[in-house]
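The sequence shown stops at residue 195 when you use our numbering, and every number in between is there.
Glycine residues also receive a C-beta, built at the ideal position from the N, C-alpha and C atoms.
This report concerns only the one structure given below.
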Amino acid sequence: MVQSRPTLCHDGWVSAASPVEVEPTLSPDEITFLAKPWVTLVWDDPVNLMSYVSYVFQTYFGYDKAKAEKLMLQVHTEGKSAVSTGTREEMERDVQAMHEYGLWATMEKAT
Numbered sequence: 085m086v087q088s089r090p091t092l093c094h095d096g097w098v099s100a101a102s103p104v105e106v107e108p109t110l111s112p113d114e115i116t117f118l119a120k121p122w123v124t125l126v127w128d129d130p131v132n133l134m135s136y137v138s139y140v141f142q143t144y145f146g147y148d149k150a151k152a153e154k155l156m157l158q159v160h161t162e163g164k165s166a167v168s169t170g171t172r173e174e175m176e177r178d179v180q181a182m183h184e185y186g187l188w189a190t191m192e193k194a195t
């Protein structure tokens, strides 16, 4: 944002104000919102077997069998699971990968 200094008048001449740069400030809520990571959500679907979903989590994310099965069971019982966290760009990549594996996935800001 640019703020102007007052206009000066000298012997009938008016000089234009020179702009002064002002750094924008963010509110604490804005800082918190921007600092929150994004998450990839995998949703339950009527097509994929639980064993396949667990396999995808192990293969793509490199999760061990126990973690992959825990996330898969959360998808199955709760309808969705946050399977990865990171920057928006990373989560876009993960969502695309889940789609390529045939899973239903979306991304959102972490809460």
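Report the rounded CA-to-CA distance for residue 132 versus residue 124, giving the unit in angstroms.
18 Å
Nearest to residue 174 by CA position, among 108, 121, 105, is which residue?
Per the Cα distances, 121.
Does the contact criterion of 3 or more C-beta pairs under 8 Å hold for the segment 148-164 versus the segment 172-186?
Put simply, the segment 148-164 does not touch the segment 172-186. Fewer than three CB pairs are less than 8 Å apart.
Helix, strand or coil for residue 176 per DSSP?
helix
With DSSP as the reference, label residue 125 as helix, strand or coil.
Secondary structure of residue 125 (DSSP, three-state): strand.
Contact set for residue 127: own chain, Cβ-Cβ below 6 Å, skip 5 residues either direction
164, 188
Same chain, Cβ closer than 8 Å to residue 168, five either side skipped, listed in chain order:
123, 124, 145, 174, 175, 178
With distance defined between alpha-carbon atoms, name the residue in 160, 141, 170, 161 nearest to residue 185.
141
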